[in-house]
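From first to last, the protein sequence lines stand for chains A and B.
The end of the first sequence is residue 119 by this note's numbering, with every number in the run present.
The end of the second sequence is residue 490 by this note's numbering, with every number in the run present.
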Amino acid sequence: MKFTEEHEWLRIEDDLVVVGITEHASTQLGDIVFVELPDEGQTVSKDDEAAVIESVKAASDILAPIDGEIVEVNQAIIDEPSKINEDPLGVGWFFKVKPDDLSQMDDYMDERSYNKLIS
Amino acid sequence: MIDEHLRTPFYDLHLKKGAKMVPFGGYDMPVQYPLGVMKEHLHTRQKAGLFDVSHMGQLVLRGKNYEQVAAELEALIPMDVINLKEGRQRYGFLTNENGGIRDDIIFANRGDHIFMVVNAACVGADLAYFREKISPEISVKHLQNRSLLALQGPMAEDVLAEHYPAICNMKFMDLETIPLAGAECWVSRSGYTGEDGFEISTPKTVAVDLANLLVEHGDVELIGLGARDSLRLEAGLCLYGNDIDLRTSPIEAGLEWAIQRRRRDKGGFPGANRILRDLADGPAKKRVGLQPIGRAPMREGSKLFETEDSIEEIGMITSGGFGPTVRAPISMGYVSSRFAQPDTMIFGEVRGKRLPVKTAKLPFTGPNFKR
Numbered sequence: 001m002k003f004t005e006e007h008e009w010l011r012i013e014d015d016l017v018v019v020g021i022t023e024h025a026s027t028q029l030g031d032i033v034f035v036e037l038p039d040e041g042q043t044v045s046k047d048d049e050a051a052v053i054e055s056v057k058a059a060s061d062i063l064a065p066i067d068g069e070i071v072e073v074n075q076a077i078i079d080e081p082s083k084i085n086e087d088p089l090g091v092g093w094f095f096k097v098k099p100d101d102l103s104q105m106d107d108y109m110d111e112r113s114y115n116k117l118i119s
Numbered sequence: 120m121i122d123e124h125l126r127t128p129f130y131d132l133h134l135k136k137g138a139k140m141v142p143f144g145g146y147d148m149p150v151q152y153p154l155g156v157m158k159e160h161l162h163t164r165q166k167a168g169l170f171d172v173s174h175m176g177q178l179v180l181r182g183k184n185y186e187q188v189a190a191e192l193e194a195l196i197p198m199d200v201i202n203l204k205e206g207r208q209r210y211g212f213l214t215n216e217n218g219g220i221r222d223d224i225i226f227a228n229r230g231d232h233i234f235m236v237v238n239a240a241c242v243g244a245d246l247a248y249f250r251e252k253i254s255p256e257i258s259v260k261h262l263q264n265r266s267l268l269a270l271q272g273p274m275a276e277d278v279l280a281e282h283y284p285a286i287c288n289m290k291f292m293d294l295e296t297i298p299l300a301g302a303e304c305w306v307s308r309s310g311y312t313g314e315d316g317f318e319i320s321t322p323k324t325v326a327v328d329l330a331n332l333l334v335e336h337g338d339v340e341l342i343g344l345g346a347r348d349s350l351r352l353e354a355g356l357c358l359y360g361n362d363i364d365l366r367t368s369p370i371e372a373g374l375e376w377a378i379q380r381r382r383r384d385k386g387g388f389p390g391a392n393r394i395l396r397d398l399a400d401g402p403a404k405k406r407v408g409l410q411p412i413g414r415a416p417m418r419e420g421s422k423l424f425e426t427e428d429s430i431e432e433i434g435m436i437t438s439g440g441f442g443p444t445v446r447a448p449i450s451m452g453y454v455s456s457r458f459a460q461p462d463t464m465i466f467g468e469v470r471g472k473r474l475p476v477k478t479a480k481l482p483f484t485g486p487n488f489k490r
């Protein structure tokens with residue numbers, strides 16, 4: 001699993017990259033009450049605004065961490081945004097990307113470096 | 120100038136309780152505790168929440184007698200101050216010559232003087248304004264030796280009754296001097312959540328002792344500014360700077376209930392022309408509740424439109440977010456008066472998209488006052 005400075009995580013699963021937000025991000029945001037996800041089939045470039053999440057306090061953008069095509073979004077977090085707070089690294093995933101260039105993942109931090117960033 | 124925020128006496132207590140601190144009104148204030156905004160909000164509606172609101176300004180206006188001070192204050196606000204009974208307080212606002220709102224305040228008749236609580240961000244301007252407008256025979260004092268706590272929620276009465284049983288005799292908007300934590304506290308039955316509750320002005324010397332005493336109770340949780348904001352929004356209460364400001368008239372804001380009959384008949388306060396005209400003819404725009412049809416919150420600054428593609432703005436959202444008790448996004452804002460009827464379907468712009476929203480009666484919840 002890799003981590004971005006924007007507090008997102010990326011995980012490779014069957015040639016796809018699954019994207020979500022970190023535990024740290026979900027704690028900082030507080031109770032999430034609304035999620036807007038990209039359309040399936042939409043093409044994204046790295047650093048595009050791909051999704052929006054809103055906590056009780058404020059709205060935040062979720063950036064696409066990698067170039068590619070959105071092939072699946074997590075309907076479960078749209079129906080129940082609190083799932084992101086409950087399990088941000090598991091059932092609270094956001095979307096799956098079919099990556100154009102998997103080597104873009106190399107730019108991101110491993111768990112140890114990320115933990116250092118947030119400590 | 121050193122960019123340091125002021126601290127209330129509860130600063131160390133906030134940190135000890137795991138608060139996330141943010142700058143607000145010149146102070147470092149707790150925005151939330153580990154419980155989180157949602158649970159803090161619900162706890163206040165179900166049991167009791169303790170809020171540090173010491174950033175607010177506490178003023179005393181003192182002259183020969185109450186009547187003298189009241190008459191002078193009436194020249195600056197459209198409220199009936201003279202007929203306010205001893206031990207009672209009222210909501211009010213300082214108006215400007217254009218009929219806008221300089222600040223919204225609570226003031227009490229304390230027998231021989233007026234006690235007033237004003238917004239943190241307005242303290243400096245209010246003090247300067249009073250000193251300019253009020254005759255020098257009247258002293259205007261900023262009480263920097265006192266702190267302010269609010270205990271809000273259905274269990275607030277029971278919690279305070281453990282320390283002072285006669286608290287149960289107080290009615291909404293009464294204010295009394297009551298011994299708590301061994302000191303003279305000024306307790307009013309009021310608040311900013313739409314719930315029953317109390318606001319407690321305490322000498323700084325016992326402030327932390329009192330907070331510890333109250334928070335020790337199993338039904339009391341410390342509540343941050345995040346939940347304070349969602350609670351007041353559900354209760355339909357204005358936040359100065361967001362929902363009312365120097366340009367809004369109190370009639371546009373729907374605050375005409377706070378202007379007593381005697382003042383409507385005679386005027387004699389800043390901006391009376393515009394305010395009394397708005398009252399007689401109806402204002403061009405009105406503050407309304409707004410309920411998004413979808414699940415996306417519509418926050419302050421969102422523009423409002425009649426249809427999905429109409430060009431002309433018909434209003435703007437001034438406060439918005441998620442209401443934990445109503446379990447839906449809620450907002451308030453201003454719309455042209457012809458759209459102000461509850462249940463009028465209009466559109467709000469969120470991230471460039473027009474989303475349906477309907478006007479709604481305020482408040483969204485309560486109120487649950489003990490009158």
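Just so it is clear, CB atoms sit at the ideal spot from N, CA and C, and this is done for glycine as well.
The three-state secondary structure of Gln187(B), taken from DSSP, is helix.
Relative to the Cα of Gln410(B), the nearest Cα in the group Ser266(B), Arg308(B), Leu474(B) belongs to Leu474(B). Residues of chain A whose Cβ lies closer than 8 Å to the Cβ of Val156(B) are, in chain order, Gly30, Asp31, Ser55, Val56, Lys57. Under the 8 Å criterion on CB atoms, Val52(A) is classed as interfacial with respect to chain B.
For Phe34(A), the nearest beta carbon of chain B is closer than 8 Å to its own beta carbon. Residues of the same chain with a CB within less than 7 Å of the CB of Trp305(B), apart from the 5 flanking positions on each side, are Phe234, Leu294, Thr296, Ser320 in chain order.
Secondary structure at His232(B): strand, using DSSP grouped into helix, strand and coil.
Between the alpha carbons of Leu134(B) and Arg265(B) lies a gap of roughly 21 Å.
By the 16-neighbour rule on beta-carbons within 10 angstroms, Gly301(B) is exposed. For the stretch 180-198 of chain B, the beta-carbon criterion of a distance under 8 Å to any beta-carbon of chain A is satisfied by none of its residues. Around the CB of Lys260(B), fewer than 16 other CB atoms lie within 10 Å, so the residue is classed as exposed.
When Cβ-Cβ separations below 8 Å define contact, Pro142(B) makes no contact with chain A. In the structure shown, the three-state DSSP call for His124(B) is coil. Pairing Arg446(B) with Ala194(B), the inter-Cα distance amounts to about 43 Å.
When C-beta atoms of the stretch 409-423 of chain B are compared with those of the stretch 462-476 of chain B, three or more pairs fall below 8 Å, so the two segments count as touching. Partner residues in the beta bridge of Met148(B), as assigned by DSSP, are Val141(B).
Distance from the CA atom of Asn115(A) to the CA atom of Val52(A), rounded to whole angstroms, is 24 Å. By the 16-neighbour rule on beta-carbons within 10 angstroms, Asp222(B) is buried.
The C-alpha of Leu154(B) is placed about 29 Å away from the C-alpha of Ile436(B).
Chain A places a beta carbon closer than 8 Å to that of Phe441(B), counting this residue as a contact. Under the three-state reduction of DSSP, Val259(B) is assigned to strand. Taking CB atoms only, Arg418(B) has a neighbour in chain A less than 8 Å away. Flagged as an interface residue toward chain A: Ala415(B), by a C-beta distance shorter than 8 Å. Taking a Cβ-Cβ cut-off of 7 Å, the neighbours of Arg470(B) in chain A comprise Val52, given in sequence order. In the DSSP annotation of this structure, Val200(B) is not part of any beta strand (DSSP E), being labelled neither H nor E. For Gln410(B), the nearest beta carbon of chain A is not closer than 8 Å to its own beta carbon. Runs of the alpha helix (DSSP H) lying entirely within the stretch 266-341 of chain B, each at least 4 residues long, are 275-280, 323-334 in chain order. Ser266(B) has a beta carbon lying at 8 Å or more from every beta carbon in chain A.
Within a 10 Å sphere around the beta-carbon of Asn331(B) sit fewer than 16 other beta-carbons, which makes this residue exposed. Only buried fits Pro99(A), as 16 or more other CB atoms lie within 10 angstroms of its CB.
The C-beta distance from Pro448(B) to Ala415(B) rounds to 7 Å, short enough to fall under 8 Å.
Going by beta carbons, Ala372(B) and Ser307(B) fall outside the 8 Å limit. With a minimum length of 3 residues, the unbroken runs of beta strand (DSSP E) contained wholly in the stretch 35-102 of chain A fall at 49-55, 59-63, 68-73, 95-99. The CB of Gln379(B) never comes closer than 8 Å to any CB in chain A; the least such distance is about 37 Å. When Glu6(A), Ser26(A), Arg112(A), Asp110(A) are compared, the shortest CA-CA separation from Ile84(A) is found for Ser26(A).
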